[in-house]
Amino acid sequence: MDIKFPISSLENNCDCFIYCAGELEGSRMDTPDYCNRVIQFPAISVTLEDIWQAAQVAAQEEEVPIGTIHQVNASEGDTTVKYINVCP
């Protein structure tokens, strides 16, 4: 639960794709073979613990019951996550 990973909004991702498709000049990628370059979109880094804490706050504010998270060893079952929805 403490490994960080990047997240971003749909609006941010769409804006970045539109920028890359329409305004980004390939010559600015420092090589004529720019098709294999990685472009990092702006994002924030969060952990599952961060998401869990935010979900608990939102659930309390909205007076919505919220379940629990159980960390298990992946080799102990057929699935470790049945359902996750972190969209508002």
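Residue numbers (this note's numbering): 5 to 92.
C-beta atoms are modelled at their ideal positions from N, C-alpha and C, and glycine is treated no differently.
Requested in this report: Name, in chain order, the residues that DSSP records as bridge partners for Q50.
Outcome: At residue 50 the sequence reads Val, which differs from the Gln that was named. DSSP lists F9 as partners of V50.
**Report entry** Closest by C-alpha distance to F9, when choosing among E66, P69, V50 and V61
**Finding:** V50
Query raised in the report: Can you tell which of N17, G30, Y23 and I55 has the C-alpha that lies nearest to the C-alpha of I7?
Result: I55
Query raised in the report: What separation, rounded to the nearest whole angstrom, lies between the Cα atoms of I11 and A59?
Result: Cα to Cα, the separation comes out at about 15 angstroms.
Query raised in the report: Three-state secondary structure (DSSP) at L14?
Result: Residue state, collapsed to three classes: helix.
Query raised in the report: Considering only residues of the same chain and omitting the five flanking positions on each side of Q64, which have a CB-CB separation below 7 angstroms?
Result: Cβ within range, chain order: n/a, list empty.
Query raised in the report: Nearest to I43 by CA position, among Q57, N17 and E67, is which residue?
Result: Among Q57, N17 and E67, the Cα nearest to that of I43 is on N17.
Query - G71, DSSP secondary structure in three states - result: coil
Requested in this report: Would you tell me roughly how many angstroms separate the C-alpha atoms of E67 and D19, rounded to the nearest one?
Outcome: 34 angstroms
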